[in-house]
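Visitor: If you're matching positions, the sequence shown starts at 94 in this note's numbering and goes up one per residue.
Every residue gets a Cβ at the ideal spot worked out from N, C-alpha and C, and that includes glycine.
Every value quoted in this text rests on a predicted model; they were computed, and no experiment measured them.
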Amino acid sequence: MKRILISGIPYSFLTVRFLLSATLLSASHAVPATEPVPSADAKTPSVPSEVEEVLRNIVRLDPHNSDALAQLGILYCYQGRYSEAVQALTDSLQLNPHGPFAAQASQAFLYARVRLPPAYLTIEPPPVFTETQLKAMIHQKLSRKERLLAIIPFMRTPAMEKFARRIVLSATNDESRAHLLFEALITRTNNSAPPLQRVRNRTAAQAFEAWQAQEPDLYCQDYSLLFVALARAVGLKAFVAYVDEEEDGALAIHGCAAVFLGEKAILVDPVYLRFGVHHPGFLVLNDLQMVGLFLSGYHDLEHAQIACKLAPDLPMVQLGLLNELLQIGHLNEARATFRAFKQLCATKQRGRMASSLALLEARTADAVILLKEELTGEANEGAVHLLLAEAYAQQGNLDNARKACQETLDGLLSEDQVQVARYYITNTTALKLWGLWTRAFGMLTRGEWDEALKSYEKVLELNPGSAPAYYGRAIARQAKGELDGALADYREAIRRQPDLRTSIKPLLAEIKAQRR
Numbered sequence: 094m095k096r097i098l099i100s101g102i103p104y105s106f107l108t109v110r111f112l113l114s115a116t117l118l119s120a121s122h123a124v125p126a127t128e129p130v131p132s133a134d135a136k137t138p139s140v141p142s143e144v145e146e147v148l149r150n151i152v153r154l155d156p157h158n159s160d161a162l163a164q165l166g167i168l169y170c171y172q173g174r175y176s177e178a179v180q181a182l183t184d185s186l187q188l189n190p191h192g193p194f195a196a197q198a199s200q201a202f203l204y205a206r207v208r209l210p211p212a213y214l215t216i217e218p219p220p221v222f223t224e225t226q227l228k229a230m231i232h233q234k235l236s237r238k239e240r241l242l243a244i245i246p247f248m249r250t251p252a253m254e255k256f257a258r259r260i261v262l263s264a265t266n267d268e269s270r271a272h273l274l275f276e277a278l279i280t281r282t283n284n285s286a287p288p289l290q291r292v293r294n295r296t297a298a299q300a301f302e303a304w305q306a307q308e309p310d311l312y313c314q315d316y317s318l319l320f321v322a323l324a325r326a327v328g329l330k331a332f333v334a335y336v337d338e339e340e341d342g343a344l345a346i347h348g349c350a351a352v353f354l355g356e357k358a359i360l361v362d363p364v365y366l367r368f369g370v371h372h373p374g375f376l377v378l379n380d381l382q383m384v385g386l387f388l389s390g391y392h393d394l395e396h397a398q399i400a401c402k403l404a405p406d407l408p409m410v411q412l413g414l415l416n417e418l419l420q421i422g423h424l425n426e427a428r429a430t431f432r433a434f435k436q437l438c439a440t441k442q443r444g445r446m447a448s449s450l451a452l453l454e455a456r457t458a459d460a461v462i463l464l465k466e467e468l469t470g471e472a473n474e475g476a477v478h479l480l481l482a483e484a485y486a487q488q489g490n491l492d493n494a495r496k497a498c499q500e501t502l503d504g505l506l507s508e509d510q511v512q513v514a515r516y517y518i519t520n521t522t523a524l525k526l527w528g529l530w531t532r533a534f535g536m537l538t539r540g541e542w543d544e545a546l547k548s549y550e551k552v553l554e555l556n557p558g559s560a561p562a563y564y565g566r567a568i569a570r571q572a573k574g575e576l577d578g579a580l581a582d583y584r585e586a587i588r589r590q591p592d593l594r595t596s597i598k599p600l601l602a603e604i605k606a607q608r609r
């Protein structure tokens, strides 16, 4: 989930104003300007060429002069040199985010950012399904009960169609239609929301209502679905794109929209404030995959199972099901789901899927390296800190695990994640159990049965009533040929948690066959 926040200033596309005057661009030093400035759509004032030369000389002699960089960036905005403006203003804000020109530099940065030239892509579009075809595929893959939970998230309302048609009245081609919709959405992008939010799983219609009400907790999935729905309302060929590496190199879980314009395509990212952004790592999802990914966002077992039926080829959907299965201790199904997840991640060397795979295999040293790499580009991502806490807990490094949990609270989080982090900060035994439990499952995935046995036995020392621990120890014992011990553990797991009976039943049948 991605948001952009520059110096704490909300972005309003239609009210951008710059501070540029003879005083601001005085030849030898940077001082705050006091004169009012023209609006963004006013005629560009004449600026002497000597001004740019002076500012460039100041920056050349003092590359850390944030005021000169800010003024230079604002000048580039006036000249329509938006790529150079973004670079100068980025440098200025990184050097001094609270300096005398920070507010003007932030506004200029955002004004220039949305005007950067688009990056055109040559990619194949996913298959296009009509609404009837999509519903038929869902009907074919799901049971009657499951179909009741299946939601098509990009369906639009009459109000959305009316809004979209009004926005594009002045458009001359498909690209200008897409750009007008993009501009309309970012007029209400609220970047000053507090970091703690209940991340909701909104449909496009729900996102539209929230957007109109200017609710502060709209995220990348909301804007992606909303843009796609509006774009389709005016005849554009648009899809949701799943992003795992962003333009700035950040490795994150993010989403935007892909619009196909004849033989070329562009990525439209309202949250990133870019029309035609160049994200190096992305996957354009077909509608069936997007329905699966959306359902996975409800974070419960039933929705996760349906999601995997609709989008079994998406590693993030398999990971969602795997996490739900581990939560309820269904280890046999979790191991099968893990194998599917691992196969889908075979080529992933970096990013969230790679770090998740390392954690699931208890390759904690690899996980720490991968997660720290994610934090390099996504310092506000609290979920990464929480995964880092899990890696340290698996290592038995509880001090670092608690520290990572504390750092989790400083990032962008859902309320559920905050509760988890606070629980482990204050409960050392639970933190230790978390590490032992996840490490034990990692040993199962690697087939290291002796290490799995040791970890599950340590779990049972701290929590003798843990049915999933008996279950895990039974799997390891069965793999080692210790059938009597495995049978006793399976029975104890069922006694303590009767709903495990269905999950364990195939393993009991295997023991019976092994004894023949």
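Mind the definition here: the region 315-331 touches the region 250-267 only if three or more C-beta pairs lie below 8 Å; say whether that holds.
Guide: As far as the Cβ criterion goes, the region 315-331 touches the region 250-267, which means the pair count is three or higher.
Visitor: Express the C-alpha separation of leucine 414 and asparagine 490 in angstroms, rounding to a whole number.
Guide: Spanning the two alpha carbons is a distance of roughly 28 Å.
Visitor: Considering only residues of the same chain and omitting the five flanking positions on each side of alanine 533, which have a CB-CB separation below 7 Å?
Guide: Around alanine 533: Ala545, Ser548, Tyr549, Val552, Gly565.
Visitor: Nearest to isoleucine 216 by alpha carbon, out of Pro210, Gly374, Ile279?
Guide: It is Gly374 whose Cα lies nearest to the Cα of isoleucine 216.
Visitor: Measuring straight from C-alpha to C-alpha, what distance separates lysine 605 and arginine 589?
Guide: Looking at the two C-alpha atoms, the distance is approximately 22 Å.
Visitor: Within 10 Å of its beta-carbon, does arginine 609 have 16 or more other beta-carbons around it, so buried, or fewer, so exposed?
Guide: With fewer than 16 Cβ atoms within 10 Å of its Cβ, arginine 609 is classed as exposed.
Visitor: Apart from the five residues on each side of it in sequence, which residues of its chain come closer than 8 Å, Cβ to Cβ, to leucine 148?
Guide: Around leucine 148: Leu118, Ala161, Gln164, Leu165, Leu168.
Visitor: Could I get the ranges of all uninterrupted alpha helix (DSSP H) runs contained in the region 431-501, with 4 residues as the minimum, in chain order?
Guide: Taking only runs of at least 4 residues, the alpha helix (DSSP H) segments lying wholly in the region 431-501 are 445-453, 457-470, 475-488, 491-501.
Visitor: Taking 8 Å as the limit between beta carbons, can you name the residues of its chain near leucine 273, skipping five residues before and five after?
Guide: Excluding positions up to five away in sequence, the list reads Ile260, Val261, Ser263, Ala264.
Visitor: In whole angstroms, what is the alpha-carbon distance linking alanine 198 and threonine 280?
Guide: If I take the Cα positions, the gap works out to 18 Å.
Visitor: How about phenylalanine 434 and glutamine 411: are their beta carbons less than 7 Å apart?
Guide: Contact: yes.
Visitor: Here's the rule: buried if 16 or more other CB atoms are within 10 angstroms of the residue's CB, otherwise exposed. What is leucine 154?
Guide: It counts as exposed.
Visitor: Using a threshold of 7 Å, state whether the C-beta atoms of alanine 350 and serine 389 are closer than that.
Guide: Cβ atoms of alanine 350 and serine 389: not closer than 7 Å.
Visitor: Give me the Cα-Cα distance between leucine 311 and phenylalanine 301, rounded to the nearest whole angstrom.
Guide: Whole-angstrom Cα-Cα distance: 10 Å.
Visitor: Among the candidates Ala298, Ala400, Asp380, Gln499, whose CA atom is the shortest distance from the CA of proline 220?
Guide: Nearest of Ala298, Ala400, Asp380, Gln499 to proline 220, Cα basis: Asp380.
Visitor: By Cβ distance below 6 Å, which residues in the same chain neighbour alanine 579 in space, the five residues on each side in sequence not counted?
Guide: Excluding positions up to five away in sequence, the list reads Ala567, Arg570, Gln571.
Visitor: Does DSSP put isoleucine 99 in a helix, in a strand, or in coil?
Guide: Only weak support is given to the placement of isoleucine 99: the predicted model assigns it a pLDDT of 32, under 50, and the value that follows is read from those uncertain coordinates. Strand.
Visitor: Beta strand (DSSP E) containing valine 333: first to last residue?
Guide: Run containing valine 333: 330-338, per the beta strand (DSSP E) assignment.
Visitor: Quick check: the region 513-526 against the region 421-434, are at least 3 beta-carbon pairs closer than 8 Å?
Guide: As far as the Cβ criterion goes, the region 421-434 does not touch the region 513-526, which means the pair count is below three.
Visitor: Given this structure, state the Cα-to-Cα distance separating glutamate 356 from phenylalanine 368, to the nearest angstrom.
Guide: Cα to Cα, the separation comes out at about 18 Å.
Visitor: Just the Cα atoms here: how many angstroms apart are phenylalanine 247 and asparagine 294?
Guide: Each residue's alpha carbon lies about 12 Å from the other.
Visitor: So methionine 446 and methionine 409 are in contact, right, with Cβ under 8 Å, and what is the actual spacing, rounded?
Guide: Right, the Cβ-Cβ distance comes to about 7 Å (below 8 Å), so this counts as a contact.
Visitor: Hey, could you find the ends of the beta strand (DSSP E) alanine 358 is sitting in?
Guide: Note, alanine 358: beta strand (DSSP E), 357-362.
Visitor: With 7 Å set as the bound, which would you pick, yes or no: does the beta-carbon of alanine 334 sit closer than that to a beta-carbon of chain C?
Guide: The question asks about chain C, but that chain is absent: this structure has only one protein chain.
Visitor: With a threshold of 7 Å on Cβ separation, who are the neighbours of valine 152 within its own chain once the five nearest residues in sequence on each side are excluded?
Guide: Taken in chain order, the residues that qualify are Asn158, Ala161, Leu162, Leu165.
Visitor: Can you tell me the Cα-Cα spacing of threonine 522 and leucine 529, whole angstroms?
Guide: Their backbone Cα atoms lie some 11 Å apart in a straight line.
Visitor: Nearest CA to the CA of threonine 250: which residue from Ala297, Ala271, Ser269?
Guide: The shortest C-alpha separation from threonine 250 is found at Ala297.
Visitor: Compare the C-alpha of leucine 242 against each of Gln305, Ala484, Lys402, Asn556 and name the closest.
Guide: Comparing Cα-Cα distances from leucine 242 to each of Gln305, Ala484, Lys402, Asn556, the minimum goes to Lys402.
Visitor: Do you know whose CA, among Ala334, Val321, Pro309, Ala178, lies nearest proline 210's CA?
Guide: Here the closest residue by C-alpha is Ala178.
Visitor: Suppose you measure from the CA of methionine 536 to the CA of aspartate 543; what does that come to, to the nearest Å?
Guide: Between methionine 536 and aspartate 543, the C-alpha separation is close to 8 Å.
Visitor: From the DSSP output, in three-state form, read off alanine 163 for me.
Guide: In the structure shown, alanine 163 sits in a helix (DSSP, three-state: H, G or I).
Visitor: Please work out which residues of its chain come closer than 6 Å, Cβ to Cβ, to leucine 354, disregarding the five sequence neighbours upstream and downstream, and give them in chain order.
Guide: Around leucine 354: Asp267, Glu268.
Visitor: For the candidate residues Leu376, Ala455, Gly558, whose alpha-carbon lies nearest to that of glutamate 483?
Guide: The residue with the shortest Cα to Cα distance from glutamate 483 is Ala455.
Visitor: Is histidine 347 near valine 336, with beta carbons less than 7 Å apart?
Guide: Result yes, Cβ atoms of histidine 347 and valine 336 sit closer than 7 Å.
Visitor: What does the Cβ neighbour count give for arginine 258, buried or exposed, with the cut at 16 atoms within 10 Å?
Guide: The residue is exposed, with fewer than 16 neighbouring Cβ atoms inside 10 Å.
Visitor: For the region 519-590, list the alpha helix (DSSP H) runs that are entirely contained and at least 4 residues long, ordered along the chain.
Guide: Those alpha helix (DSSP H) runs which fall completely within the region 519-590 and span 4+ residues are 521-539, 542-555, 560-572, 576-589.
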